[in-house]
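S.K.:
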Amino acid sequence: MKRRFPFVASFVCLCAFFVLIGLGVWQVQRLAWKTELQHKIDVLMSRHDLPELSSDDFDFENPNDLKRGLVFARFDLSKAIYLNGYLDRGKTLYPVLVPARLESSEMNFAALLWVDQKKRSKDWAGKRSLDWGMYGILRQPEPSVFKPDNNPDNEEWWQIDVQQLAGFWELDRLAPAVFYAENPPMIDENLGVYNFPTQLKNDHLQYAIFWFTMAGVLCVLWGVRFLRPYLQSA
1 MKRRFPFVAS FVCLCAFFVL IGLGVWQVQR LAWKTELQHK IDVLMSRHDL
51 PELSSDDFDF ENPNDLKRGL VFARFDLSKA IYLNGYLDRG KTLYPVLVPA
101 RLESSEMNFA ALLWVDQKKR SKDWAGKRSL DWGMYGILRQ PEPSVFKPDN
151 NPDNEEWWQI DVQQLAGFWE LDRLAPAVFY AENPPMIDEN LGVYNFPTQL
201 KNDHLQYAIF WFTMAGVLCV LWGVRFLRPY LQSA
């Protein structure tokens, strides 16, 4: 007796197949993006004659761009906040973000200056604004779906959101790019330099191969489980 063609099972398998292929394509796109980003970082870190950064440098036409240079700015330490979810060689640290204003303009920006061993928010309240010059990297923060949302009311910050920071710091506007300092003054023995990731973990090729392989396995299973019995019943 001839079996009916398994339309429902085939439709479900087809949907799953396209999902797996989509995941594989997404990993290929991430691979290309991260490879390009790694190249940009390598070029930046190889430079020694770094320019002074102006307000124009903080507005990126391409959000994936990176810039590196010297800034002279006034840093308001009394408004420092801590970021959660940062690990350095297995140790939990808390990056310190402060608002700053360029000396050459009235532009405000967020600066990531240090990492702290623990949260000491009350200790920053009495700090004053200081004028410093330091080298660093400009990058536009990328939101992560793997981190919780910020809760400014409880001063719980997981991601760098310049619009939320501008509101929290009572500023009209913050530049879209964040300044990651390379040589901040060490004003406290508990503070350390934030290690900007210069060697990115790029395992997207393995993930792409995995998802494409799973799509192929699904095709084989569909053929063995559904198509072959249908053909044999003819």
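Each residue of the sequence shown is one higher than the one before, counting from 1 in the working numbering.
Here a beta-carbon is modelled for each residue, glycine too, at the ideal position from N, C-alpha and C.
May I ask which residues mark the beginning and end of the beta strand (DSSP E) holding I209?
M.R.: Residue 209 sits at position 209 when you count from the first residue of the sequence shown. Counting along the chain, I209 falls outside any beta strand (DSSP E), though it belongs to the alpha helix (DSSP H) covering H204 to W222.
S.K.: Could you check the C-alpha separation between L165 and V96 for me, to the nearest Å?
M.R.: The residue labelled residue 165 in the question sits at position 165 within the sequence shown. The residue labelled residue 96 in the question sits at position 96 within the sequence shown. Approximately 13 Å, taken between the alpha carbons.
S.K.: From what residue to what residue does the alpha helix (DSSP H) around V8 run?
M.R.: Locating residue 8 in the sequence shown gives position 8, counting from the first residue. Residues F7 to M45.
S.K.: Say whether chain D places a C-beta atom closer than 9 Å to the C-beta of G192.
M.R.: The structure shown has no chain D; it contains just one protein chain.
S.K.: Can you tell me where the beta strand (DSSP E) holding P74 begins and where it ends?
M.R.: The residue given as residue 74 occupies position 74 in the sequence shown. In the sequence on display, residue 74 carries Arg and not Pro. Run containing R74: L66 to D76, per the beta strand (DSSP E) assignment.
S.K.: Going by other Cβ atoms of all chains shown within 10 Å of its Cβ, with 16 needed for buried, is A208 buried or exposed?
M.R.: Here residue 208 is taken as the residue at index 208 of the sequence shown, counted from 1. Buried, by the Cβ-count rule.
S.K.: Rounded to the nearest angstrom, what separates W211 and L37 at their Cα positions?
M.R.: Taking the sequence shown and counting its residues from 1, one reaches residue 211 at position 211. Taking the sequence shown and counting its residues from 1, one reaches residue 37 at position 37. Each residue's alpha carbon lies about 23 Å from the other.
S.K.: Looking at C-alpha atoms only, which residue of V220, E189, P152 and V43 is the closest neighbour of L83?
M.R.: Along the sequence shown, one-based indexing puts residue 83 at 83. With distances taken between Cα atoms, L83 lies closest to P152.
S.K.: With 16 as the cutoff for other CB atoms within 10 Å, does A9 come out buried or exposed?
M.R.: Taking the first residue of the sequence shown as position 1, residue 9 is located at position 9. Result: exposed.
S.K.: Under DSSP, the alpha helix (DSSP H) around G167 begins and ends at which residues?
M.R.: If you number the sequence shown from 1, residue 167 lands on position 167. Run containing G167: V162 to F168, per the alpha helix (DSSP H) assignment.
S.K.: Near L200, what residues of its chain come up, given a Cβ to Cβ distance below 6 Å and the 5 sequence neighbours on each side ignored?
M.R.: Taking the sequence shown and counting its residues from 1, one reaches residue 200 at position 200. Within the same chain, L200 has close Cβ partners K34 and Q38.
S.K.: Do I160 and F196 have their CB atoms nearer than 9 Å?
M.R.: Here residue 160 refers to the residue found at position 160 when the sequence shown is read from its first residue. Here residue 196 refers to the residue found at position 196 when the sequence shown is read from its first residue. It is not a contact, given that the beta carbons lie outside the stated cut-off.
S.K.: Ignore the nearest five residues each way along the sequence and tell me which others in F17's own chain have a CB closer than 6 Å to its CB.
M.R.: Sequence index remark: in the sequence shown, residue 17 carries index 17 (1-based). Hits under 6 Å: A215 and L218.
S.K.: Have a look at G85, K40 and G24 and flag the residue whose alpha-carbon is nearest the alpha-carbon of K147.
M.R.: What you label residue 147 is simply residue 147 of the sequence shown in a count that begins at 1. Comparing Cα-Cα distances from K147 to each of G85, K40 and G24, the minimum goes to G85.
S.K.: Would you report the Cα separation of S78 and L93, rounded to the nearest angstrom?
M.R.: Here residue 78 refers to the residue found at position 78 when the sequence shown is read from its first residue. Here residue 93 refers to the residue found at position 93 when the sequence shown is read from its first residue. Each residue's Cα considered, the two are about 20 Å apart.
S.K.: Three or more C-beta pairs under 8 Å: does that hold for the stretch 168-180 against the stretch 220-231?
M.R.: Touching, no, given that fewer than three Cβ pairs across the two stretches are closer than 8 Å.
S.K.: DSSP on N108, reduced to helix/strand/coil?
M.R.: The count along the sequence shown starts at 1 and reaches residue 108 at position 108. Looking at N108 - three-state DSSP - the assignment turns out to be strand.
S.K.: Give me the Cβ distance between L70 and E52, rounded to the nearest whole Å; I'm assuming they're in contact under 8 Å.
M.R.: In the sequence shown, the residue the question calls residue 70 occupies position 70. In the sequence shown, the residue the question calls residue 52 occupies position 52. L70 to E52, Cβ: 5 Å. Contact.
S.K.: Less than 7 Å between C-beta atoms, sequence neighbours within five positions excluded: which residues of the same chain meet that for Q117?
M.R.: Locating residue 117 in the sequence shown gives position 117, where the first residue counts as 1. Closer than 7 Å at Cβ, skipping near neighbours: L93 and N190.
S.K.: Using only CA atoms, which one of K122, T198 and G22 lies nearest to E155?
M.R.: On the sequence shown, residue 155 is found 155 positions in, with the first residue counted as 1. Of the candidates K122, T198 and G22, the one whose C-alpha sits nearest the C-alpha of E155 is K122.
S.K.: Which whole-angstrom value is the C-beta distance of S129 and R74, which I expect to be below 8 Å?
M.R.: Numbered from its first residue, the sequence shown carries residue 129 at position 129. Numbered from its first residue, the sequence shown carries residue 74 at position 74. Going by Cβ atoms, the distance from S129 to R74 rounds to 5 Å, so yes, they are a contact pair.
S.K.: Identify which residue in D57, N202 and M45 has its Cα closest to the Cα of P176.
M.R.: As a working note, residue 176 is residue 176 in the sequence shown. Checked all of D57, N202 and M45; the closest Cα to P176 is D57.
S.K.: Could you spell out the range, first to last residue, of the alpha helix (DSSP H) harbouring P229?
M.R.: Walking along the sequence shown from the start, residue 229 turns up at place 229. Looking at the DSSP string, the run of the alpha helix (DSSP H) that includes P229 is R228 to Q232.
S.K.: Would you report the Cα separation of L31 and E106, rounded to the nearest angstrom?
M.R.: To locate residue 31, count along the sequence shown from 1; it is residue 31. To locate residue 106, count along the sequence shown from 1; it is residue 106. Rounded to whole angstroms, L31 to E106 spans 38 Å at the Cα level.
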